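K.L.:
Protein chains in written order, with the UniProt record's numbering: chain A, 1 to 416; chain B, 1 to 395.
1) To the nearest angstrom, how far is it from the Cα of residue 172 of chain B to the Cα of residue 183 of chain A?
2) What is the rounded straight-line gap between the Cα of residue 99 of chain A and the Cα of residue 143 of chain A?
3) For residue 292 of chain A, I'd like the list of residues in its chain whose CB is within less than 8 Å of its CB, leaving aside the five on either flank, ordered along the chain.
4) Does the stretch 173–190 of chain B touch the stretch 213–229 of chain B, meaning 3 or more C-beta pairs lie closer than 8 Å?
5) I need the DSSP call for residue 268 of chain B, collapsed to helix, strand or coil.
6) Are the CB atoms of residue 169 of chain A and residue 216 of chain A within a distance shorter than 7 Å?
7) Determine, using beta carbons only, whether residue 339 of chain A and residue 376 of chain A come nearer to each other than 7 Å.
8) How far does the alpha helix (DSSP H) with residue 154 of chain B in it reach, from first residue to last?
9) I need the DSSP call for residue 318 of chain B, collapsed to helix, strand or coil.
10) Locate the alpha helix (DSSP H) running through residue 396 of chain A, then write down its first and last residues.
11) Going by alpha carbons, who is nearest to residue 296 of chain B out of B:191, B:46, B:342?
12) Check whether the stretch 194–202 of chain A touches the stretch 219–226 of chain A, taking contact to mean three or more Cβ pairs, one atom from each stretch, closer than 8 Å.
13) Does any C-beta atom of chain A lie closer than 7 Å to the C-beta of residue 142 of chain B?
14) Suppose contacts are defined by Cβ-Cβ distances below 7 Å. Is residue 382 of chain A in contact with residue 282 of chain A by that definition?
15) So, with DSSP's three-state summary, where would you put residue 133 of chain B?
16) May I have the straight-line CA-CA distance separating residue 201 of chain B from residue 306 of chain B, to the nearest angstrom?
17) Sorted by chain position, which residues of the same chain lie with C-beta nearer than 6 Å to residue 388 of chain A's C-beta, five sequence neighbours on each side aside?
18) Just to confirm my understanding: we take residue 344 of chain B, look at its own chain, exclude 5 residues before and 5 after, and list those with CB closer than 8 Å. What are they?
19) Does residue 189 of chain B get closer than 7 Å to chain A when you measure Cβ to Cβ?
20) Check this for me: beta carbons of residue 236 of chain A and residue 192 of chain B, under 7 Å apart or not?
21) Compare the C-beta of residue 340 of chain A with all C-beta atoms of chain B and state if any pair is closer than 7 Å.
22) Under a three-way DSSP split, which group does residue 251 of chain B fall into?
23) Should residue 192 of chain A go down as buried or exposed, given a rule of 16 or more other Cβ atoms within 10 Å for buried?
24) Whole angstroms is fine: what's the gap from residue 286 of chain B's alpha carbon to residue 127 of chain A's?
25) Hey, out of A:132, A:244, A:278, A:102, whose CA is closest to residue 267 of chain A's CA?
26) Identify whether residue 421 of chain A lies in helix, strand or coil by the three-state DSSP scheme.
27) What three-state label does DSSP hand residue 373 of chain B in the structure shown?
28) Anything in the stretch 110–132 of chain A with a Cβ closer than 7 Å to a Cβ of chain B? List those residues in chain order, please.
29) For residue 360 of chain A and residue 153 of chain B, I'd like the C-alpha separation in whole angstroms.
30) Check whether the stretch 271–290 of chain B touches the stretch 243–260 of chain B, taking contact to mean three or more Cβ pairs, one atom from each stretch, closer than 8 Å.
31) Pick from B:108, B:217, B:272: whose alpha carbon is nearest that of residue 245 of chain B?
32) Would you say residue 184 of chain B faces chain A, with C-beta separation under 7 Å as the test?
33) Between residue 406 of chain B and residue 367 of chain B, which are expected to be in contact by the criterion C-beta below 8 Å, what is the C-beta distance as a whole number of angstroms?
34) Could you tell me whether the stretch 146–163 of chain A touches the stretch 255–266 of chain A, where touching means 3 or more Cβ pairs closer than 8 Å?
35) Could you say which of A:133, A:163, A:204 lies nearest to residue 190 of chain A if we only look at CA atoms?
36) Would you kindly check if the distance between the Cβ of residue 219 of chain B and the Cβ of residue 119 of chain A is under 7 Å?
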């Protein structure tokens with residue numbers, strides 16, 4: 001499935017399809033209270049209209065969220081404006097990316113140092129995506145989480161070198177998996193340029209991915225913390241298992257959704273959740289804080305992927321005038337499709353044959369756009385974000401904690 | 001269904017001919033074989049099966065265990081879909097299961113043997129709580145398995161096909177794409193298992209060692225790919241010293257660093273670790289040269305048997321002759337644009353390449369034996385020596 005970090009830009013005025021909401025064009029930090037409420041309300045109606053079996057799915061998902069607020073309220077507990085008085089320094093950052101990048105200067109140079117090998121072409125291939133053009137979303141979350149945890153623990157305003165190393169390692173593991181995914185999906189372009197496999201061929205691309213992974217492992221070992229090693233090697237296993245989950249399909253509709261969420265966790269959220277947990281382990285001895293960090297990362301990660309899956313249907317028709325439907329073409333039934341199938345059971349056959357018959361992709365897309373699949377997926381993503389915010393709000397207030405809260409909103413409101 | 005039953009079914013599924021053979025079936029009685037001059041595979045089998053008895057169990061299929069018993073990945077099922085296609089993964093899978101030369105799991109076996117040969121570190125009491133079976137700590141056994149996992153993972157990743165180089169004789173594109181997909185995922189799965197295993201060892205130095213061995217191996221495989229000569233292409237001009245560096249990366253690094261890591265797990269000091277490293281490195285080099293020499297040593301070889309133009313005897317031959325003469329010889333051996341391997345083989349045998357490759361093999365073998373001298377005499381040490389002797393034997 002298309003991973004869209006690179007397409008995400010921070011814009012003060014985000015535009016969005018009517019189905020999902022956007023914040024107002026002003027202060028980026030404040031959550032838009034009215035807009036999501038409307039969407040949530042619409043989504044609630046949509047839920048009520050849905051069939052019984054769907055309600056059962058949602059019930060089981062809801063029970064996973066403890067202490068759910070009413071659906072009409074989507075807010076975080078500490079608006080940025082109020083936080084000024086509690087901040088140590090007088091500075092005010094409204095952009096989480098700017099805040100995070102302060103610690104990430106030289107990120108790509110440092111990653112390239114880890115890839116320093118004598119084999120020139122292999123080095124070039126491995127460095128290809130570390131060109132400084134990516135948004136580095138994962139490293140930003142990692143360093144913000146590191147600071148938030150350090151401040152929570154003992155008001156420390158430092159980021160440890162080992163925590164910063166986790167940011168590098170997370171980005172490297174992510175990139176290694178992207179390189180392999182592109183070969184598996186036979187992708188031709190990523191982040192606006194040709195993929196490694198298209199330029200150098202599949203054999204070398206696979207080796208480049210292996211090389212980045214080995215470099216990440218070396219860096220991980222050098223941190224010298226066996227707990228952290230265990231946490232991050234779990235990610236490597238989850239990434240592979242996630243791909244395997246994608247190979248198989250489930251017949252039963254309820255199973256399909258659980259299967260989809262499990263795959264989403266393994267392929268996207270696990271890395272973010274476990275990197276957050278790793279920096280919290282390095283910064284703070286309290287297991288409750290580790291769990292908060294993990295839950296934040298997990299919920300933001302899942303939300304991110306859900307929005308990504310929506311964008312696969314909605315973004316290009318807006319901006320490029322032609323749809324891509326990359327996931328459908330790969331035979332993948334994502335959130336919007338699974339929801340749409342509730343309303344249009346004739347999609348079942350297409351899902352089972354993975355949209356392989358001619359015309360399947362277009363028909364499926366039409367069904368999705370006619371249905372409320374996109375709205376329902378958005379609603380689901382909002383609930384995950386809400387949960388993330390709820391968790392992270394348990395930490396001591398800090399600019400970084402609030403930045404993390406803002407980030408979860410950014411996840412929801414990005415467009416192509 | 002036991003693992004063994006699963007494995008015995010695989011060859012038929014993969015379309016292999018012949019029953020599953022392996023060290024499980026060839027445990028022979030103890031005989032002294034040093035006096036024998038036979039260079040038959042049976043001798044090598046004996047060395048290996050003896051060694052396996054010393055370490056307590058047959059080491060076959062260490063890396064396949066995780067592949068076959070994991071329901072989620074179902075790799076065996078996916079590989080079966082490749083039967084009838086031309087994807088290299090099928091050959092790799094058959095090779096893994098069909099143990100014809102007992103070269104499988106060799107790294108794991110050596111790691112176990114060297115662990116036993118070194119024994120516990122009498123000076124350091126911190127390992128007293130580890131459990132030990134047949135003189136080997138369970139963490140060292142785990143390390144042996146991890147070594148095999150890494151080796152197999154890259155074996156599988158070597159079998160990826162470049163899609164834009166496919167010809168119509170290779171079959172449908174989608175078969176190759178599917179094969180690539182399964183090969184990548186299987187290799188990644190093995191690597192993920194290796195990483196998890198490493199994490200469980202709770203020793204960051206060992207993780208660093210094996211991760212750097214993986215990095216070396218990847219570079220080594222990259223060089224192998226680059227120097228794979230196509231039929232009509234002249235090989236690159238690499239001298240023997242470059243060849244040695246590249247072969248260390250592709251064959252020596254993993255075993256050398258694993259042996260060192262095994263010592264680290266038992267908390268042996270730097271000197272012991274270095275001796276283990278040297279044994280692993282030189283033994284692996286000598287083993288590689290031995291296998292490179294096989295096409296030139298065997299008396300009866302079919303005319304169609306090809307050999308790697310980047311193998312030790314050929315590289316040495318080229319170095320003696322000089323580049324121009326070598327290119328001339330290749331041209332002379334080409335008929336209608338296709339290389340006549342039988343003719344080229346005779347040309348090489350007539351030169352100095354083969355004999356100097358044999359010398360090089362013995363050089364590394366002797367360095368390996370030297371490294372072993374610092375270990376106390378034991379059954380395990382003898383088995384390690386025997387492995388080297390078997391590899392150095394050409395007459």
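The beta carbon of each residue, even a glycine, is placed where N, CA and C say it ideally should be. This one's a predicted model, so the numbers in the text were calculated from it and none came from an experiment.
P.N.:
In this structure, then:
1) 17 Å
2) Going from the Cα of residue 99 of chain A to the Cα of residue 143 of chain A covers about 9 Å.
3) 280, 391, 392, 394, 395
4) Taking a contact to require three or more Cβ pairs closer than 8 Å, the stretch 213–229 of chain B and the stretch 173–190 of chain B do not qualify as touching.
5) coil
6) yes
7) yes
8) 138–158
9) DSSP places residue 318 of chain B within a helical segment (H, G or I) once states are collapsed to three.
10) Residue 396 of chain A -> no alpha helix (DSSP H), and no H or E assigned at all.
11) Per the Cα distances, B:342.
12) no
13) Taking Cβ atoms only, chain A never reaches closer than 7 Å to residue 142 of chain B, which makes this a no.
14) no
15) strand
16) 43 Å
17) 296, 299, 300, 408
18) 329, 330, 333
19) yes
20) yes
21) no
22) Under the three-state reduction of DSSP, residue 251 of chain B is assigned to helix.
23) Per the 10 Å Cβ criterion, exposed.
24) 34 Å
25) The residue from A:132, A:244, A:278, A:102 with its alpha-carbon nearest to that of residue 267 of chain A is A:244.
26) Residue 421 of chain A lies beyond the range of chain A shown here (1 to 416); nothing can be said about it.
27) coil
28) 117, 119, 122
29) 37 Å
30) With a cut-off of 8 Å, the stretch 243–260 of chain B and the stretch 271–290 of chain B count as touching, because enough Cβ pairs lie within range.
31) Taking only the C-alpha atoms, the option nearest residue 245 of chain B is B:217.
32) yes
33) Nothing about residue 406 of chain B can be read from this structure; chain B reaches only from 1 to 395.
34) no
35) A:133
36) yes
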